Every structure is written in C-alpha cells, then in structure tokens.
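Colleague:
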Amino acid sequence: AEREHLIRMPLRELLPQLDANRFWQVHRSVVVQARCIERARREDSGKVTLWLRGRAETLTASRLYAQRFRAM
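In the numbering used here, the protein residues as written are -3 to 68.
This is the structure in structure tokens:
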C-alpha cells in the first residue's frame, strides 16, 4: 500500500511471468495484486472503479477487464 513499482518492460512480456491468480491486469497499463482490491463498483458506462487497501486514490478498470469483477 505504501509503494508502487515502475517496471520498464512491456506488459506482454511481464504478464506471463506473474501468477495470474495473484496479479490481475485491470487496464491497458495497470496490473494489481488481487488481494489488495478492497472493493469494486461498476459504472453505467461499463467501466469498474476499484479501491485498493491502504490507498486513497481509485483506479479504473477498463470494460475489457471488467468481467473479473462481476462477482464483486
């Protein structure tokens, strides 16, 4: 919650190295640890707003990745 990491590697190279059950891509350029997602709210536009534990700002998951949050 206190840090974020900037990795200079394309996500298409990084994602196969990550555990897909632990790290979720939520936007074209954003990957988060699934356990850090506190809550999610679907907007009328189809986008999903995410709140992360210990972080004041929110993230937006694009419609492409919103299916992960149907059950939340």
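Built from N, CA and C at the ideal position, the CB exists for glycine as well. Keep in mind that this is a model prediction, so the values were computed, not measured.
Between residue 29 and the rest of its own chain, which residues show a CB-CB distance below 7 Å, the 5 nearest in sequence each way excluded?
Modeller: For residue 29, where only same-chain residues beyond five positions count, the Cβ hits under 7 Å are 18 and 19.
Colleague: Apart from the five residues just before and just after residue 39, which ones in its own chain have a Cβ nearer than 7 Å to its Cβ?
Modeller: Closer than 7 Å at Cβ, skipping near neighbours: 45.
Colleague: Which stretch, first to last residue, makes up the beta strand (DSSP E) that contains residue 55?
Modeller: Element bounds for residue 55: 54 to 57.
Colleague: Hey, residue 25 and residue 43 are a contact pair by Cβ (cut 8 Å); roughly how many whole angstroms apart?
Modeller: Contact flag wrong, Cβ pair sits at about 15 Å.
Colleague: At what residues does the alpha helix (DSSP H) containing residue 2 begin and finish?
Modeller: Note, residue 2: premise wrong, no alpha helix (DSSP H); not H, not E.
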